[in-house]
Amino acid sequence: MMEYKVRKTLAISAFALTLVACGSDSNKSSAPKVDPGSGTVSYTLTFKQTWNQTDFPTNFPGNPHFSPLVGATHNSQVVIWRPANQGGAKTTAGLEVVAETGSTATFISELTAAKQADGHIDSIFARSGATNSPGTQTQTIKLSTQFPLVSAVSMIAPSPDWFVGIRDVNLYPSGEWLDEVTVDLRLYDSDTDEGQTFTAANQEGGDRNIHLVTTQANETDFNNGVHRTSGAFVGQMILKRQ
Ligand SMILES: [Ca+2]
Ligand SMILES: [Ca+2]
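Residues 27 to 268 in this note's numbering are what the sequence shown spells out, letter by letter.
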């Protein structure tokens, strides 16, 4: 589940990820700056990390951080990651490494191999270095009408196998580039480790079915990926056209 807020021309249903045009011709986006050489449009991806001890006190760990954002621009013919209950693919080895350690190398190798194999992925991006939470990561991404979707992930850390991300966000949904899209981030479990607290020892196991993090109340504050009573999210990702 992702919650979207789209400025100006379009609104995206929170649960069905269905695009619904609600704008009129009078408030269409301004003309995008398309790079004449590559045909790409640039967006700034801002990852606002709002996970903090005051809002998520139960067993809040020391050294709270998020791993370097890693992802790709792509078309609708490929699944970068997707929860099991939304027609998902199993957690890949690369996503497992990201979710358990924050290292992006294996995931990048998978994306690169998929790009070369079937051409459904365009640009692959990764930041270097983790960022303390609260904090912010930013990344410029380039999209084209052939590859208008973006997916990206980051590990919440320390944690057993938990991560946040955006997936299949279409910035050119109906023949226009969106100005800005905001996604509230729920916490996901890659289902590749059985630990139930942020600092649990490694406990290999799971069926690789990506699902929202839910634990007992004395383990963490999370139920369905958000704070079980306040509904607070651990962060947001904002895509804004440059
Ligand atoms: Ca798990
Ligand atoms: Ca594992």
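Glycine is no exception: its CB is placed at the ideal position from the N, C-alpha and C atoms.
Reduced DSSP secondary structure (H/G/I, E/B, other) of Q163: DSSP places Q163 in strand when its eight states are reduced to three.
If you draw a straight line from the C-alpha of N158 to the C-alpha of L169, how long is it? As the crow flies, the alpha-carbon of N158 is around 28 Å from that of L169.
Boundaries (first-last residue) of the beta strand (DSSP E) holding F151: Counting along the chain, the beta strand (DSSP E) containing F151 begins and ends at 147-152.
In angstroms, rounded to a whole number, what distance separates the CA positions of V176 and T164? Using only the alpha carbons, I get a separation of about 14 Å.
Can you name the residues that DSSP bridges to T99? According to the DSSP secondary-structure assignment, T99 is paired through a beta bridge with V176.
Taking S256 as the reference, which of N101, Q262, F248 has the closest Cα? Selected option, being the one with the closest Cα: F248.
Within the present structure, is the beta-carbon of D217 separated from the nearest heavy atom of ligand 1 by less than 7 Å? Yes - ligand 1 has a heavy atom lying nearer than 7 Å to the Cβ of D217.
What I want to know is whether the C-beta of E126 ends up closer than 7 Å to one or more non-hydrogen atoms of ligand 2. Within the cutoff, so yes.
Any idea what DSSP makes of T255, helix, strand or coil? The DSSP-derived three-state label of T255 is coil.
Within 10 Å of its beta-carbon, does D144 have 16 or more other beta-carbons around it, so buried, or fewer, so exposed? D144 is exposed by the Cβ-count criterion.
Proximity to F133 [Cα-Cα], best of W203, P87, M181: Taking F133 as reference, the option from W203, P87, M181 with the minimal CA-CA separation is M181.
Taking one C-beta from the segment 118-129 and one from the segment 203-210 each time, how about it: are there three or more such pairs within less than 8 Å? Result no; under three Cβ-Cβ pairs closer than 8 Å.
A226, DSSP secondary structure in three states: Of the three classes helix, strand and coil, the one that applies to A226 here is coil, per DSSP.
Could you check if E230 is buried or exposed, using at least 16 other CB atoms within 10 Å of its CB as the buried criterion? E230 comes out exposed.
To which residues of the same chain is L95 closer than 6 Å at the C-beta, ignoring the five residues directly before and after it? Closer than 6 Å at the Cβ level, and outside the excluded window around L95, lie F73, R153, Q163, Q165, A178, S180.
Consider the C-beta atom of E122 and the heavy atoms of ligand 2; say whether any pair is separated by less than 7 Å. Yes, the beta carbon of E122 sits closer than 7 Å to at least one heavy atom of ligand 2.
Considering only heavy atoms of ligand 1, does any lie closer than 7 Å to the CB of G65? Answer for G65: no, Cβ out of range of ligand 1.
Please go through the same chain and pick out, in chain order, the residues whose beta-carbon is closer than 7 Å to the beta-carbon of D61, but skip the five residues on each side of it. Within its own chain, no residue has a Cβ closer than 7 Å to the Cβ of D61 once the five positions on either side in sequence are excluded.
Identify, in the order they occur along the chain, each residue of the same chain with its Cβ nearer than 8 Å to the Cβ of A156, setting aside the five sequence neighbours on each side. Once the five neighbours on either side are set aside, the close Cβ partners of A156 are H91, F92, S93, P94, G128, A183.
Cβ of E220 within 7 Å of any heavy atom in ligand 2? Not so, every heavy atom of ligand 2 lies at least 7 Å from the Cβ.
Rounded to whole angstroms, what's the CA-CA distance from E220 to E122? Just pull it up for me. Put simply, the backbone Cα of E220 is about 13 Å away from that of E122.
Under a Cβ-count criterion, where at least 16 other Cβ atoms within 10 Å of its own Cβ denotes burial, should P174 be classed as buried or exposed? Burial call: buried.
Can you find the residues in the same chain that come closer than 6 Å, C-beta to C-beta, to W188, ignoring five residues on each side of it along the sequence? Excluding positions up to five away in sequence, the list reads I182, L213, D215, V239.
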